[in-house]
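This report concerns only the one structure given below.
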Amino acid sequence: MPNPNAAEEHWSDHAICRGADPDLFFPIGYAAPVLREQERQAKAICANCPVVADCLRWALRVGEPDGVWGGTTPEERRLLRRRADAPVRHHLPAITVRGDIAEVAA
């Protein structure tokens with residue numbers, strides 16, 4: 001039976017980055033090659049993390065503007081948010097007045 005007085009477990013309790021250098025996940029002020037290498041190293045840690053999906057969901061939900069979260073950079077998260085916010089366009093067949101079939105964007 002769960003203990004009502006126990007603190008609720010959070011996904012971040014299981015993140016393997018908890019033991020890593022935080023500066024690795026927040027690279028700033030470096031030349032592009034150094035920055036990209038730090039991002040690569042941070043993403044390598046994320047790739048082995050059991051809660052990477054939870055981490056990414058959290059970063060997207062709160063709009064985290066900085067750092068590597070859920071294996072993504074701020075730029076990658078902005079792109080994911082733009083794609084998620086873009087209207088979905090499906091091309092559906094429609095019958096025209098003449099009875100022809102045409103593609104219509106829904």
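First residue of the sequence shown? That's 1 in full-length UniProt numbering, and the numbers climb one at a time after it.
Cβ atoms here follow ideal geometry from the backbone N, Cα and C, with glycine treated the same way.
What you are looking at is a predicted structure, and each value in this text was computed from that prediction instead of being measured.
When the five nearest sequence neighbours on each side are left out, the beta carbons in the same chain lying within less than 7 Å of the beta carbon of Ala15 are those of Cys49, Val51 and Cys55, in order along the chain.
A contact between stretches requires three or more CB pairs, one per stretch, nearer than 8 Å, and the stretch 30-37 fails this requirement with the stretch 57-67.
Ranked by Cα distance from Trp69, the first of Ala47, Leu35, Glu9 and Glu8 is Ala47. Straight-line spacing of the CA atoms in Pro87 and Arg81 works out to 12 Å. Close CB contacts of Glu39 within its chain, under the 8 Å cut and outside five residues either way in sequence, are with Pro27, Val68 and Thr73 (chain order). In this structure, Cys17 is the residue among Trp11, Glu8 and Cys17 with its C-alpha nearest to the C-alpha of Gly71.
Burial state of Arg36 is exposed, judged by a 10 Å Cβ sphere holding fewer than 16 other Cβ atoms. For Cys46, the uninterrupted alpha helix (DSSP H) run begins and ends at Ala32 to Ala47, by DSSP. Non-local C-beta neighbours of Ala42 in its own chain, meaning closer than 6 Å and more than five positions away in sequence, comprise Leu24, Phe25 and Val68, ordered along the chain. Counting other Cβ atoms within 10 Å of its Cβ, Arg89 stays below 16 and is therefore classed as exposed.
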